[in-house]
Amino acid sequence: MKEFCRHEKGASKSLMVLVGKEKTLKKNSLRISIILLFCLFVSGNGYAQGEQYYTKSDPWVYTITHKIVLSNPSQEEIRDISVTLPLMDTNQPVYQELLGEELSPWPDQIIRSKTGTRQGVFHIPVLRPGEKIVLQQRYGVKNFAIEYKIDPEQVSSDYAGYQGIDPKYLQPETKIESNHPLIVNYTRDAVKNETNPLLMAQKLFADINLFMTYKEGINANKGALNAIRTGEGNCEDYTDLFVAAARAVGIPARWKSGYLYLPKEYNAPPYIREDGSLDITLMRHTWPEIYLPEIGWVVLDPTYTYTVQSGKKQEKVVDWNKFGKIESSSRHIFFSYGSHDDGFIECKRRSGDPQPDVDFSESLVFGNNVFPFRDASTHWAKDSIMFLTTGYPIRILGGYGDGLFGPNDYITRAQLAAMLNRVLSLDYHVGKPQFSDITPGYWGYADIAAVKGAGIVAGFPDGTFKPERYVSRAELAVMLDRSFDLPYPAAGITFKDLKQPGFSWADASIVTLAGNGIAGGYKGGLFKPEKPVTRAEVAVFLSRILNGTFRAKVH
1 MKEFCRHEKG ASKSLMVLVG KEKTLKKNSL RISIILLFCL FVSGNGYAQG
51 EQYYTKSDPW VYTITHKIVL SNPSQEEIRD ISVTLPLMDT NQPVYQELLG
101 EELSPWPDQI IRSKTGTRQG VFHIPVLRPG EKIVLQQRYG VKNFAIEYKI
151 DPEQVSSDYA GYQGIDPKYL QPETKIESNH PLIVNYTRDA VKNETNPLLM
201 AQKLFADINL FMTYKEGINA NKGALNAIRT GEGNCEDYTD LFVAAARAVG
251 IPARWKSGYL YLPKEYNAPP YIREDGSLDI TLMRHTWPEI YLPEIGWVVL
301 DPTYTYTVQS GKKQEKVVDW NKFGKIESSS RHIFFSYGSH DDGFIECKRR
351 SGDPQPDVDF SESLVFGNNV FPFRDASTHW AKDSIMFLTT GYPIRILGGY
401 GDGLFGPNDY ITRAQLAAML NRVLSLDYHV GKPQFSDITP GYWGYADIAA
451 VKGAGIVAGF PDGTFKPERY VSRAELAVML DRSFDLPYPA AGITFKDLKQ
501 PGFSWADASI VTLAGNGIAG GYKGGLFKPE KPVTRAEVAV FLSRILNGTF
551 RAKVH
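Numbering follows the UniProt record's numbering, in which position 100 of the sequence shown is assigned residue number 100; successive positions increment by one, without gaps.
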């Protein structure tokens with residue numbers, strides 16, 4: 001039998017934290033005042049959408065670190081410890097990209113909770129008296145400002161064709177009492193006879209924005225029903241009420257949690273630590289998003305409020321810059337989709353054993369300091385892999401999931417075609433690949449069609465492409481030579497195994513790559529053109545082509 005303790009994700013000592021902002025207009029001048037908004041920290045899942053309805057701008061790159069320290073202050077051993085904690089969701093919103101994650105140690109299991117939250121499970125056999133164990137998670141993210149441009153006429157009121165939407169985003173849950181008569185009636189009064197989902201959402205946004213008053217205290221973190229009764233709460237309550245109201249009128253809606261970073265305001269203590277990092281415990285925030293037919297998920301933040309003051313009279317004004325828009329001045333850094341029950345660190349141990357101390361801290365630094373693949377962290381090609389996954393304007397290489405890259409795995413012809421297509425941004429609308437073994441249903445169909453249309457690859461005499469066949473060093477040399485039009489070296493480059501039967505067709509390309517510092521050889525002056533090439537080798541060759549600082553010296 002096990003006992004457990006639950007710690008709110010944020011700290012075992014300090015649970016309530018800052019986020020949010022209130023703006024005040026005073027006659028002809030704008031006075032911006034920051035208010036402390038205290039939020040909890042939760043999690044969930046997401047879906048993709050069409051980019052034609054929004055524009056992204058001003059990307060900023062951050063590294064977020066979560067650190068959990070388990071310690072045993074007692075004089076007895078604590079045995080059979082199981083720790084479950086939320087992880088950043090790999091399914092990111094359109095305004096953020098996950099560049100990589102380092103989980104140290106790697107969890108024994110990565111699971112999804114019943115509500116879809118991504119969680120790591122760690123098993124610790126024994127924690128001895130005075131012993132400490134550190135569980136650290138680091139995430140590299142690229143975060144954008146975003147603005148949606150949506151005409152209501154583009155939005156259908158028919159959700160029937162969107163079967164991929166999780167039904168839970170229309171159902172009541174803890175603190176989101178969307179079926180309660182008070183919320184149903186409030187929602188009906190707010191939207192009146194409107195049926196367009198976008199216009200209904202705007203009416204709800206405006207009504208909640210004006211109806212609610214931001215306030216900490218006894219009415220904070222109590223949920224939608226309490227918010228409708230009291231008109232008070234923090235960012236959690238604003239989000240709960242909006243999500244409940246949207247679901248009540250048939251609009252799929254969900255929580256998003258993470259951090260609200262205001263660059264101009266959070267530039268000194270207590271936000272800046274002595275080591276220069278940002279203490280993002282003080283920046284936690286919760287906000288909602290809705291799903292619109294034809295559009296996808298749209299972000300909004302009803303917690304913001306304008307107050308217009310003229311003389312002794314004050315009036316609230318809806319801040320429409322927070323509907324379908326994230327400004328560069330208020331970065332919404334996503335961590336997870338969620339529910340109220342998923343923002344905890346659960347620490348179970350054997351029944352009767354002492355309870356461990358759990359201390360949690362979180363911080364942010366600028367730039368990406370995360371290497372995303374645990375099986376290549378000490379590999380000789382690590383720098384090239386890092387460049388092609390996070391350092392190039394587009395992500396050229398990906399992994400297998402669970403922090404694995406497979407650096408020593410051989411690469412197939414289809415995989416190489418996909419990489420070259422990403423690098424070169426070839427035209428997907430070329431003719432058919434015209435290979436008997438490549439059909440429109442094959443995952444690499446468009447990539448193979450593109451590289452064939454560009455004259456980079458050819459097939460075999462029997463009319464096949466053999467997409468799952470491993471690429472030889474000779475084939476790689478020819479494909480890269482054709483792709484990047486490299487200059488032929490003047491002289492002095494040779495390998496003993498050039499003019500090898502069956503591979504001499506690649507000699508000129510081999511010499512070209514070697515002469516440009518892209519390809520090297522093996523001991524004894526050999527190139528080994530017949531040898532299958534690994535994912536790590538492809539990463540090195542491509543990084544040397546795309547960034548001259550990686551190139552080898554040519555002797």
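Each residue gets a CB set at the ideal place from its N, CA and C atoms; glycine is no exception.
Small disclaimer: the values here were computed from a predicted structure and weren't measured.
- prompt: How many Å lie between N267 and F122 at the Cα?
  reply: What you label residue 267 is simply residue 267 of the sequence shown in a count that begins at 1. What you label residue 122 is simply residue 122 of the sequence shown in a count that begins at 1. The straight-line gap from Cα to Cα measures roughly 35 angstroms.
field: For I411 and L292, the rounded distance between their alpha carbons
entry: One-based indexing of the sequence shown puts residue 292 at position 292. One-based indexing of the sequence shown puts residue 411 at position 411. Computed Cα separation, rounded: 40 angstroms.
- prompt: What is the DSSP secondary structure of R469, reduced to helix, strand or coil?
  reply: Counting from one through the sequence shown, the residue named residue 469 turns up at place 469. The answer is coil: DSSP assigns R469 none of H, G, I, E or B.
- prompt: Short check: CB of T55 to CB of E147, under 7 angstroms?
  reply: Stepping through the sequence shown from its first residue, residue 55 is reached at position 55. Stepping through the sequence shown from its first residue, residue 147 is reached at position 147. Their beta carbons are under 7 angstroms apart, which means T55 touches E147 by this criterion.
- prompt: If we ignore side chains and look at the alpha-carbon of each, how far apart do A224 and K256 end up?
  reply: Against the sequence shown, residue 224 aligns to sequence position 224. Against the sequence shown, residue 256 aligns to sequence position 256. Going by the C-alpha atoms only, they are around 16 angstroms apart.
- request: Quick one: grab the DSSP three-state call for A474.
  value: As a position in the sequence shown, residue 474 is number 474, starting the count at 1. A474 sits in a helix when the DSSP states are folded into three classes.
- prompt: Looking at G515 and I493, is the spacing between their C-beta atoms short of 7 angstroms?
  reply: Start at 1 with the first residue of the sequence shown, and residue 493 comes out as number 493. Start at 1 with the first residue of the sequence shown, and residue 515 comes out as number 515. For I493 and G515, yes; Cβs fall inside 7 angstroms.
message: Would the region 90-99 count as touching the region 170-179 if we require 3 or more Cβ pairs under 8 angstroms?
response: Counting Cβ pairs under 8 angstroms, fewer than three are found: no touch.
query: Expressed to the nearest angstrom, what Euclidean distance is found between the alpha-carbon atoms of L40 and L282?
result: Looking up residue 40 in the sequence shown gives position 40. Looking up residue 282 in the sequence shown gives position 282. Only weak support exists for where L40 lies, its pLDDT of 32 falling under 50; the coordinates are left without a value.
field: Ranges of the beta strand (DSSP E) found wholly within the region 125-171, counting only runs of at least 3
entry: Every unbroken stretch of the beta strand (DSSP E) spanning 3 or more residues and falling wholly within the region 125-171 is given here in chain order: 132-148.
field: Option in P288, P407, N193, R247 with minimal Cα separation from S377
entry: Stepping through the sequence shown from its first residue, residue 377 is reached at position 377. Looking at P288, P407, N193, R247, the one whose alpha-carbon comes closest to that of S377 is P407.
message: For A48, count the other beta carbons within 10 Å of its own beta carbon; 16 or more makes it buried, fewer makes it exposed. Which is it?
response: Taking the sequence shown and counting its residues from 1, the one referred to as residue 48 is at position 48. Below a pLDDT of 50, predicted positions are generally treated as unreliable, and A48, at 47, falls in that range; the measurement from the model is reported next regardless. Counting C-beta atoms within 10 angstroms of its own C-beta, A48 has fewer than 16 neighbours from the protein chains shown and is therefore classed as exposed.
message: I'd like to check one pair, K452 with P433: are the Cβ atoms closer than 7 angstroms?
response: Taking the first residue of the sequence shown as position 1, residue 433 is located at position 433. Taking the first residue of the sequence shown as position 1, residue 452 is located at position 452. Result yes, Cβ atoms of P433 and K452 sit closer than 7 angstroms.
task: Could you say which of L70, W60, S57 lies nearest to D359 if we only look at CA atoms?
output: For this step, residue 359 is matched to residue 359 along the sequence shown. Considering only L70, W60, S57, the residue with the shortest C-alpha distance to D359 is L70.
- prompt: Looking only at its own chain, which residues have a Cβ that is under 7 angstroms from the Cβ of R128, when we skip the five neighbours before and after it?
  reply: Residue mapping note: residue 128 aligns to position 128 of the sequence shown, counting from 1. Within the same chain, Cβ atoms closer than 7 angstroms to the Cβ of R128 are found at N72, E77, the five residues on either side in sequence being excluded.
query: Do you know offhand how far R482's Cα is from L498's?
result: Mapped onto the sequence shown, residue 482 falls at position 482. Mapped onto the sequence shown, residue 498 falls at position 498. About 19 angstroms.
- prompt: In three-state terms, what does DSSP make of A458?
  reply: Within the sequence shown, numbered from 1, the residue matching residue 458 stands at position 458. It is coil, neither helix nor strand.
message: Within 10 Å of its beta-carbon, does V134 have 16 or more other beta-carbons around it, so buried, or fewer, so exposed?
response: Counted from its first residue, the sequence shown places residue 134 at position 134. Per the 10 Å Cβ criterion, exposed.
- prompt: Where does the unbroken alpha helix (DSSP H) through F242 begin, and where does it stop?
  reply: Residue numbering aside, residue 242 sits at position 242 when the sequence shown is read from its first letter. It spans 235-248 - the alpha helix (DSSP H) in which F242 sits, taken as one unbroken run.
task: In the DSSP assignment, find the beta strand (DSSP E) that holds P181 and state where it starts and stops.
output: Mapped onto the sequence shown, residue 181 falls at position 181. If you look at P181, you'll find it isn't in any beta strand (DSSP E); it sits in the alpha helix (DSSP H) that goes 181-191.
- prompt: Helix or strand or just coil, what does DSSP make of R273?
  reply: One-based indexing of the sequence shown puts residue 273 at position 273. Three-state result, R273: coil.
query: Between the C-alpha atoms of G403 and E101, what's the straight-line distance to the nearest angstrom?
result: Position 403 of the sequence shown, counting from 1, holds the residue named residue 403. Position 101 of the sequence shown, counting from 1, holds the residue named residue 101. Rounded to the nearest angstrom, the two C-alpha atoms are 7 angstroms apart.
field: Backbone secondary structure at G100 - three-state DSSP
entry: Mapped onto the sequence shown, residue 100 falls at position 100. Secondary structure at G100: strand, using DSSP grouped into helix, strand and coil.
Identity of the residues DSSP links to F366 by a beta bridge: The residue you call residue 366 lines up with position 366 of the sequence shown. According to DSSP, F366 bridges with Y62.
Segment contact, 8 angstroms Cβ cut-off, at least three pairs: the region 503-518 with the region 460-476: Contact between the region 503-518 and the region 460-476 is present, because at least three Cβ pairs lie under 8 angstroms.
message: Beta-carbon within less than 6 angstroms of S330's beta-carbon, same chain only, minus the 5 sequence neighbours each way: which residues are those?
response: As a working note, residue 330 is residue 330 in the sequence shown. Excluding residues within five positions, the ones whose Cβ falls inside 6 angstroms are L262.
- request: Can you give me the Cβ contacts of E97 inside the same chain, cut-off strictly under 7 angstroms, excluding the 5 residues immediately before and after it?
  value: Translated into positions along the sequence shown, residue 97 becomes position 97. Around E97, the same chain offers V141, K142 as residues with beta carbons nearer than 7 angstroms, after the five sequence neighbours per side are excluded.
- prompt: Mapping DSSP to helix, strand and coil, what is Q92?
  reply: Within the sequence shown, residue 92 is the residue found at index 92, counting from 1. Looking at Q92 - three-state DSSP - the assignment turns out to be coil, as it is neither helix nor strand.
- request: Identify every residue that forms a DSSP beta bridge with S82.
  value: Position 82 of the sequence shown holds residue 82. DSSP lists H123, K348 as partners of S82.
Alpha helix (DSSP H) runs wholly inside the UniProt domain "SLH" (368-429), at least 4 long, in chain order: If we require 4 residues or more, the alpha helix (DSSP H) runs fully inside the UniProt domain "SLH" (368-429) come out as 382-386, 413-424.
query: From what residue to what residue does the beta strand (DSSP E) around Q314 run?
result: Position 314 of the sequence shown, counted from the start, is the residue given in the question as residue 314. Run containing Q314: 313-317, per the beta strand (DSSP E) assignment.
query: CB-CB under 8 angstroms to A227, same chain, minus the five flanking residues each way: which ones, in chain order?
result: Here the question's residue 227 lines up with position 227 in the sequence shown. Same-chain partners within the cutoff: M212, N219, G233, D237, Y238, D240, L241.
task: Kindly indicate the opening and closing residues of the alpha helix (DSSP H) around V451.
output: Translated into positions along the sequence shown, residue 451 becomes position 451. Its alpha helix (DSSP H) spans residues 445-453.
message: I believe G116 touches Y442 by the beta-carbon criterion, under 8 angstroms. Please report the beta-carbon distance rounded to the nearest angstrom.
response: Reading the sequence shown from its first residue, position 116 is the one you call residue 116. Reading the sequence shown from its first residue, position 442 is the one you call residue 442. Between the beta-carbon of G116 and that of Y442 there is about 31 angstroms, and that puts the pair past the 8 angstroms contact cut.
- prompt: Taking the alpha carbon of residue 558 as the point to measure from, which residue in G459, G311, K316 has its own alpha carbon closest?
  reply: In the structure as shown, the chain begins at 1 and stops at 555. Residue 558 is therefore absent and cannot be evaluated.
Runs of alpha helix (DSSP H) wholly within the region 483-532 (minimum 4 residues, chain order): Entirely contained in the region 483-532, the alpha helix (DSSP H) runs reaching 4 residues are, in chain order, 507-515.
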